[in-house]
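Novice:
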Amino acid sequence: RSGISFRPGLEGVPVTQSAICDIDGMQGRLAYRGYPIAELSAHSSFLETTYLLIWGDLPSPQQLRDFEAEVQMHRRVSFRVRDMMKCFPASGHPMDALQSSAASLGLFYSRRAIDDPKYVYNAVVRLIAKIPTMVAAFKLIRKGQDPIQPRDDLAYSANFLYMLTEREPDPLAARVLDRCLILHAEHSLNASTFSARVTASTLTDPYAVVASAVGTLAGPLHGGANEDVLAMLEEIGSPEHAGDYLDEAIASKRKVMGFGHREYRVKDPRAVILQGLAEELFARFGTDEMYDVAKALEAAAATRLGPKGIYPNVDFYSGLVYRKLGIPRDLFTPVFAISRVAGWLAHWREQLGANRIFRPSQIYTGAQNRTWIPSDERV
Ligand code: CMC
Numbered sequence: 013r014s015g016i017s018f019r020p021g022l023e024g025v026p027v028t029q030s031a032i033c034d035i036d037g038m039q040g041r042l043a044y045r046g047y048p049i050a051e052l053s054a055h056s057s058f059l060e061t062t063y064l065l066i067w068g069d070l071p072s073p074q075q076l077r078d079f080e081a082e083v084q085m086h087r088r089v090s091f092r093v094r095d096m097m098k099c100f101p102a103s104g105h106p107m108d109a110l111q112s113s114a115a116s117l118g119l120f121y122s123r124r125a126i127d128d129p130k131y132v133y134n135a136v137v138r139l140i141a142k143i144p145t146m147v148a149a150f151k152l153i154r155k156g157q158d159p160i161q162p163r164d165d166l167a168y169s170a171n172f173l174y175m176l177t178e179r180e181p182d183p184l185a186a187r188v189l190d191r192c193l194i195l196h197a198e199h200s201l202n203a204s205t206f207s208a209r210v211t212a213s214t215l216t217d218p219y220a221v222v223a224s225a226v227g228t229l230a231g232p233l234h235g236g237a238n239e240d241v242l243a244m245l246e247e248i249g250s251p252e253h254a255g256d257y258l259d260e261a262i263a264s265k266r267k268v269m270g271f272g273h274r275e276y277r278v279k280d281p282r283a284v285i286l287q288g289l290a291e292e293l294f295a296r297f298g299t300d301e302m303y304d305v306a307k308a309l310e311a312a313a314a315t316r317l318g319p320k321g322i323y324p325n326v327d328f329y330s331g332l333v334y335r336k337l338g339i340p341r342d343l344f345t346p347v348f349a350i351s352r353v354a355g356w357l358a359h360w361r362e363q364l365g366a367n368r369i370f371r372p373s374q375i376y377t378g379a380q381n382r383t384w385i386p387s388d389e390r391v
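Here UniProt numbering is used: position 345 in the sequence shown is 357, and no number is missing along the way.
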C-alpha cells in the first residue's frame with residue numbers, strides 16, 4: 013500500500029540519519045565521527061574513542077581524565093547482581109548471562125530520566141564501567157569462585173584482563189585488547205545497533221537498550237561468529253585441508269564463518285588491523301598453529317569467494333587474538349559486547365535527539381476471512 017518495495021533484511025534501506033560511523037564498503041574504509049579507524053586504533057584508547065563516539069568530539073585532556081575517573085569509580089557491581097549471577101546455570105552461555113545482568117541494572121537505577129544530561133552521563137559511565145566486571149564475574153562464578161574486584165591502579169583493558177585471568181597482564185597484551193575494543197566499538201546500523209535504536213525509540217531506559225542489543229549480538233550471523241571461527245579452523249586442522257573444506261562448504265551452501273559482510277565487498281579494514289595485532293602477539297608470546305590454517309583459508313577463499321565480494325570480516329582474526337590473550341572461547345562475543353556498548357550508547361543518544369518510534373509496516377501473506385470451527389468438528 014505504501015508503494016515501497018519489500019527488501020528482505022532491509023538491505024540498502026536507510027532507517028535513520030546518523031553522524032556516528034561512515035563505511036565505504038567498496039574501498040574498505042571505516043571512520044568513527046570522521047576519524048579513520050586505523051588512526052584511532054593506533055593512537056587512541058578505548059575510553060577516549062567511547063567518549064568520541066557518544067559525545068561527537070574527542071575529549072579535552074580534562075574531560076578524558078574525568079571520564080576515566082568516573083568509569084573507574086563505577087566498575088564494581090552490587091553484591092545483589094553478583095548473587096543473582098550465582099543462580100545462573102554454570103553451563104549457560106556468557107552472552108545470556110550478560111544480557112540478563114545488563115537488564116538487571118535497570119532495577120537499580122531510576123527509569124525515564126532520559127531528558128536529563130546528568131542521567132545520560134551517569135548511565136553511560138555505569139554501562140561502560142560495569143559490563144566488563146559482569147563478564148569477568150560470570151567467568152569465575154560459573155567455576156564456583158568469587159569474582160575478583162576491579163583494581164583501581166589498572167587502566168580499563170588491563171583491569172578487565174586482570175579480573176579475567178587473575179594476573180596483572182603484560183602491557184602489550186593490555187594495549188592489544190584496548191585496540192581490539194576500539195576496532196569493535198561501532199559499525200553503523202548492524203543488527204544489534206538497529207535493535208538498540210528500536211528499543212531506544214520507545215523511550216525505555218538505556219539498560220534495556222543495551223540488554224536488547226546484547227541478545228541480538230549473540231547470534232552466529234553477527235557477533236557469535238568469532239566463537240565459531242576457531243571451531244571451524246580446528247575442524248580444518250591443517251593448512252593443506254583448507255581448500256577442500258572450502259569446496260565442500262560452498263558445494264553444500266554452508267556459510268564460512270568469519271567471511272562475508274553486508275557492507276564490505278573487500279577485506280574488512282578491521283580484519284586487516286586485527287591480523288596485524290595477532291602477528292604482534294605471536295611474535296611476542298609464541299605463535300598459534302591455527303593462524304597458518306586461517307591464512308591458508310583466506311588464500312583459498314580469494315579465488316573461490318573473492319569474485320562474489322566475500323572476504324574475511326572482523327570476526328575472522330579476532331578469535332586468534334583473544335585466545336592468545338588468554339580469553340576463553342565462549343567469552344569472545346561478550347568481549348565484543350563490552351566494546352560495542354560504546355556504539356549502542358552513541359546510537360541511543362542520537363536516537364533520542366530526533367526520536368520517532370520505529371513502527372515499520374509488513375506485507376500480509378496469511379489467510380483471509382476464515383470462520384472459527386468448534387474443536388470437536390476439526391479434523
Ligand atoms: N560463506 C560462504 N558464502 C557466503 C558467505 C560465507 N561466509 N557469506 C555470504 N555468502 C554468499 C551466500 O551464500 C550468498 O550466495 P548466493 O547469492 O549464491 O546465494 C551470497 O554470498 C549473499 O549472502 P547473504 O547471506 O545473502 O548475504 P548477507 O549480506 O545477508 O549476509 C553475513 C552477511 C555476514 C550474514 C554473511 O556473509 C554470513 O553469514 N557470514 C558468516 C557469518 C559471519 O561471519 N558473521 C559475522 C559478520 S561481521 C561481524 C558482525 O556482524 O558481528
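Glycine included, each C-beta is placed from N, C-alpha and C at the ideal position.
Only a predicted model underlies this, so the values are computations on that prediction, with no experimental measurement involved.
#1: Any heavy atom of ligand 1 closer than 7 Å to the beta-carbon of residue 325?
#2: Touch check for the segment 166-173 and the segment 33-43: three-plus C-beta pairs under 8 Å?
#3: In this structure, what does DSSP give as the bridge partners for residue 35?
#4: Kindly provide the ranges of any alpha helix (DSSP H) runs that are 4 or more residues long and lie completely inside the segment 314-364, ordered along the chain.
#5: Do you know how far the Cα of residue 243 is from the Cα of residue 326?
#6: Is it the case that the Cβ atoms of residue 45 and residue 64 are separated by a distance below 8 Å?
#7: What is the rounded straight-line gap between the Cα of residue 245 and the Cα of residue 334?
#8: Beta carbon of residue 359: closer than 7 Å to some heavy atom of ligand 2?
#9: At a cut-off of 7 Å, would you count residue 271 as near ligand 1, judging by its Cβ distance to the nearest heavy atom?
#10: By DSSP's criteria, residue 271 is part of a beta bridge. Which residues make up the other side?
#11: For residue 181, which residues of its own chain have a beta-carbon under 7 Å away from its beta-carbon, when the five flanking residues on both sides are left out?
#12: Is the beta carbon of residue 283 less than 8 Å from the beta carbon of residue 324?
#13: Determine the closest residue to residue 100 out of 26, 73, 153 and 241, with distance taken between C-alpha atoms.
#14: Can you pull the DSSP bridge partners for residue 47?
#15: Along the chain, where does the alpha helix (DSSP H) containing residue 18 start, and where does it finish?
Specialist: This is what the structure gives:
#1: Counted from its first residue, the sequence shown places residue 325 at position 313. Yes.
#2: no
#3: For this step, residue 35 is matched to residue 23 along the sequence shown. BP columns for residue 35 point to 42.
#4: Counting whole runs of 4 or more residues, the segment 314-364 contains the alpha helix (DSSP H) stretches 326-336.
#5: As a working note, residue 326 is residue 314 in the sequence shown. As a working note, residue 243 is residue 231 in the sequence shown. Going from the Cα of residue 326 to the Cα of residue 243 covers about 16 Å.
#6: Position 33 of the sequence shown, counted from the start, is the residue given in the question as residue 45. Position 52 of the sequence shown, counted from the start, is the residue given in the question as residue 64. Yes. Within cutoff.
#7: Mapped onto the sequence shown, residue 245 falls at position 233. Mapped onto the sequence shown, residue 334 falls at position 322. The alpha-carbon atoms of residue 245 and residue 334 are separated by roughly 15 Å.
#8: In the structure shown, ligand 2 is absent; the only ligands present are ligand 1.
#9: For this step, residue 271 is matched to residue 259 along the sequence shown. Yes, since a heavy atom of ligand 1 falls inside the 7 Å radius drawn around the Cβ of residue 271.
#10: As a working mapping, residue 271 is identified with position 259 in the sequence shown. The partner list for residue 271 (beta bridge, DSSP) reads 324.
#11: Indexing the sequence shown from 1 puts residue 181 at position 169. So the list reads 170, 173 and 174, once near-sequence residues are dropped.
#12: In the sequence shown, the residue the question calls residue 283 occupies position 271. In the sequence shown, the residue the question calls residue 324 occupies position 312. Yes.
#13: What you label residue 100 is simply residue 88 of the sequence shown in a count that begins at 1. Closest by alpha carbon: 153.
#14: By 1-based counting over the sequence shown, the position of residue 47 is 35. Beta-bridge pairing links residue 47 to 44.
#15: Translated into positions along the sequence shown, residue 18 becomes position 6. Premise fails: residue 18 is in no alpha helix (DSSP H) and is neither H nor E.
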